[in-house]
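Those sequence lines, one after another, are chains P and C. With my numbering applied, the first sequence corresponds to residues 48 to 320, in that order. With my numbering applied, the second sequence corresponds to residues 782 to 1060, in that order. Think of the CB as a built atom: it goes at the ideal place given N, C-alpha and C, for glycine as much as any other residue.
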Amino acid sequence: MSADPAKVLPMNARSKPKIVAKGVQKNFGSVVAMEDVTLSIQEREFIAIIGPSGCGKSTFLYLIAGFEKPSGGELTLNGKAIRGPGPDRGVVFQEFVLFPWLTVLRNITLGLDIQGVKREEAEERALKWIRLTGLSGFENAYPSTLSGGMKQRVAIARALTYEPEVLLLDEPFGALDVQTKNYMIKDLQNLWQEANRTIVMITHSVTEAVHMADRVVVLSSRPSRVIADVRIDVPHPRDRRNPSMHRYEDEITAILSAEVDKAMSLERQIGLL
Amino acid sequence: MSTIDLASAKPPSEARAIPLLPNIGARSGVIVALLVLWELAARLGWINAFLFPAPSNIAATIWTQSGPDGNPPYAMPMHVLRSMIRLLAGIALAVVIGTVLGVLIGMTRWARTLFQPLISIFMPVPTLAWTPVLLLLTGIDDRTTIIVVFIAAVFEVIYTIVAGIEMMNVKLFWVARSMGASRLQIFLRVIIPAIFPYLITGMRLGTGYAWRALIAAEMLAASSLGLGFMIYDASEYMSTNVIYAGIILIAVLGYLLENVLIGRLEASTTEKWGIQSER
Ligand SMILES: Nc1ncnc2c1ncn2[C@@H]1O[C@H](COP(=O)(O)OP(=O)(O)O)[C@@H](O)[C@H]1O
Ligand SMILES: [Mg+2]
């Protein structure tokens, strides 16, 4: 596939830092979850974060979302310290977190509804994402009747519908079957290219990260630090068969497995003591 | 000294045992059999028909007292209506005030500090113990019985609401706040529906207590109407038929309140949403 210059846009249109973390630390009681995360995310950048499980990826996302406060260091959005959650950041949780008492449609329109958007307009905007996420026909279903994959799609549609500047996605494709996942990945990429949002996506799939993101950030095991920050210099749309993508995948996989090995052997040593 | 720790409020599932008999058919069969046996026993003179009047006699009393020939005319429906008005008014108060207090206690440190000791002290006090005080404060008046109903139901509502808040997924707040919801929007659109299964449990338990307390309070503090008053009044005249009629009405209405009224509410909310409402 040739690189259509218009579609390479987000990478070149980069301007100023959107989210900046300087020496961010997070403790839960005596547990140090995050030691020193320093990272700068540009406006309209698509960044993937990857790391061993339990290393603090979700925690980092919650800090950006403003649900939790850093125990140390600085975390800014548009140059201002993050004080709490806000509609400028949309979150898709790993465990979906739908409102069980609202239908699919009402879950998705809730954000607009809360912001005072008229019902017809809210529904119109929601229906677009219901279509794109393949939820048509399930508008009036309650979440308890949906499969895990469908719940995840509702969560994605809900965050996209109120059009936040920053999308924070916590393993957003984890519960999807391969086919739906590929559709959703394509849609998310199109969205990002058209709307020029800033996207922070947590994933455990190196392929997914390399395929979608501008940059892949690798976190160490707990307490986490940034151990690699790899720019994926391949124009969009990307082709899985592109050999340079494989080189990136191999590079990141190597870093990640070295980190996991280190953590495991450390754990074993502790176990032996 | 009994201290009740709100933090350790049990989830409502443990608050109620499994029904003793498995299905409605078996249950009504047992009731019908007992009635037939009672009828026979009374008619054949095995038991004292004054102390234990035959069910057919009781039914006849309910029938005549419900019509224009009653004393006073339409006495039964008037007693029932008055008791129901008092009950529903008291329950409504208990649900509104209990929910607000429960949410405050569940979510704020100051409310917990302020109310927890008060609740621990007053919850074990039998509701009827308040009646003399209320009578002095308000006189023989519907307000006394309504407040008794309120007191009987409110602790249960507070208790289950606090448990519901503690079980709530904090991420539901997070989602709402990241959509820019105000405190009031969060209260009405997230907290209330999220604790609804608990609210229903609290209402079901509270209504049971309140119904019993109401009948007793009406015996002490009602001037002319109400099922409790009716029974008390009948005992003065030794009308055992009326006493049993009252007891049967109390049982049937209590059953309808707990199962039909609250059952309906449950079917149109938590059951529809597919969230288990704990029994
Ligand atoms: N609210 C919390 N209280 C205590 N420990 C927590 C809390 N949230 C996360 N942790 C701990 O912090 C670490 C990082 O968690 P998390 O961010 O969920 O990891 P990841 O998403 O990378 O798998 C884990 O060890 C987890 O047990
Ligand atoms: Mg996680």
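Nearest candidate by alpha-carbon position, reference Thr926/C, set Leu874/C, Ala962/C, Glu947/C: Of Leu874/C, Ala962/C, Glu947/C, the residue nearest in Cα terms is Leu874/C.
If you count every other CB in all the chains shown that lies within 10 Å of the CB of Leu193/P, and 16 or more means buried, which is it? By the 10 Å Cβ count, Leu193/P comes out buried.
Output yes or no for whether 9 Å exceeds the beta carbon distance between Thr941/C and Leu986/C. yes
Restricting to Cα atoms, I'd like to know which of Ile299/P, Gln141/P, Ile246/P is closest to Gln199/P. Gln141/P
Using DSSP with H/G/I as helix, E/B as strand and the rest coil, what is Asp276/P? strand
Out of Leu895/C, Trp844/C, Asp922/C, Phe896/C, point me to the one whose CA is closest to Arg867/C's CA. Asp922/C
Could you tell me whether the segment 297 to 304 of chain P touches the segment 272 to 287 of chain P, where touching means 3 or more Cβ pairs closer than 8 Å? yes
Residues around ligand 1, please: the ones whose beta-carbon is closer than 5 Å to some heavy atom of it, in chain order. Listed along the chain, these residues meet the criterion: Phe75/P, Ala80/P, Ser100/P, Gly101/P, Cys102/P, Gly103/P, Lys104/P, Ser105/P, Thr106/P.
Spatial distance of Val811/C from Leu818/C (CA atoms): 11 Å
Would you say Trp148/P reaches chain C, if we count a Cβ-Cβ gap shorter than 9 Å as a contact? yes
According to DSSP, simplified to helix, strand and coil, what is Ser87/P? strand
Amino acids of chain P, ordered along the chain, whose beta-carbon sits closer than 8 Å to that of Leu953/C: The answer, in chain order, is Val144, Phe146.
Determine the contact status of Asn838/C and Ala814/C, defining contact as a CB-CB distance below 9 Å. no
Can you give, in chain order, each stretch of the beta strand (DSSP E) that sits fully within the segment 253 to 302 of chain P and has at least 3 residues? Entirely contained in the segment 253 to 302 of chain P, the beta strand (DSSP E) runs reaching 3 residues are, in chain order, 262 to 266, 271 to 278.
Specify the secondary structure class of Thr784/C as computed by DSSP and reduced to three states. Note on Thr784/C: pLDDT 40, under 50, position unreliable in the model; no value is reported.
For Ala962/C, go through chain P and note every residue whose CB falls closer than 7 Å to its CB, in chain order. Against chain P, a Cβ distance below 7 Å from Ala962/C picks out Ile161.
Is DSSP giving Arg172/P helix, strand or coil here? helix
Say the cut is 8 Å; is the CB of Glu218/P nearer than that to a heavy atom of ligand 2? Of the heavy atoms belonging to ligand 2, at least one sits nearer than 8 Å to the Cβ of Glu218/P.
In the DSSP assignment, what residue or residues form a beta bridge with Val78/P? Phe75/P
Where Ala95/P and Ile886/C are concerned, what is the direct C-alpha to C-alpha distance, given to the nearest angstrom? 41 Å
My output table needs one value for Arg797/C: the three-state DSSP class, helix, strand or coil. With a pLDDT of 48 at Arg797/C, under the threshold of 50, the predicted position of this residue should be treated as unreliable, and no value is reported.
Give the residues of chain P in contact with Ile976/C, contact being defined as C-beta atoms less than 9 Å apart. Residues of chain P passing the Cβ test: none, with the nearest at roughly 11 Å.
Note down, in chain order, each residue of its chain lying with its Cβ closer than 7 Å to the Cβ of Tyr979/C, except the 5 sequence neighbours on either side. Pro793, Thr941, Ile942, Ala944, Gly945
Pairs of beta-carbons, one from the segment 72 to 84 of chain P and one from the segment 237 to 252 of chain P, closer than 8 Å: are there three or more? no
Give the secondary structure of Met248/P by DSSP, where H, G and I count as helix, E and B as strand, and everything else as coil. strand
Does the beta carbon of Pro190/P sit closer than 9 Å to a beta carbon anywhere in chain C? yes
On the DSSP bridge assignment, give the partners of Leu313/P in chain order. DSSP, once it has assigned bridges, lists no residue as partnering Leu313/P.
Closer than 8 Å at the beta carbon, the chain P residues around Asn768/C: Beyond the ends of chain C as shown, which are 782 and 1060, falls residue 768/C; an answer cannot be given.
DSSP-derived helix/strand/coil call for Phe93/P: Correct three-state label for Phe93/P: strand.
Please work out which residues of its chain come closer than 6 Å, Cβ to Cβ, to Leu882/C, disregarding the five sequence neighbours upstream and downstream, and give them in chain order. A distance below 6 Å between beta-carbons, with the five flanking residues on each side excluded, links Leu882/C to the following residues of its chain, in chain order: Ile939.
Closest Cβ-Cβ distance between Gly983/C and chain P: below 9 Å? no
Looking at ligand 2, does it come within less than 8 Å of Gln199/P, judged from the CB to the closest heavy atom? no
So what's Ser49/P in DSSP terms, helix, strand or just coil? Because the pLDDT of Ser49/P is 43, which lies under 50, any placement of that residue in the model is unreliable, and the number read from its coordinates should be weighed accordingly. Coil, per DSSP.
Once the 5 residues before and after Pro99/P are set aside, which same chain residues still bring their CB inside 7 Å of it? Ser268, Glu306, Val307, Ala310
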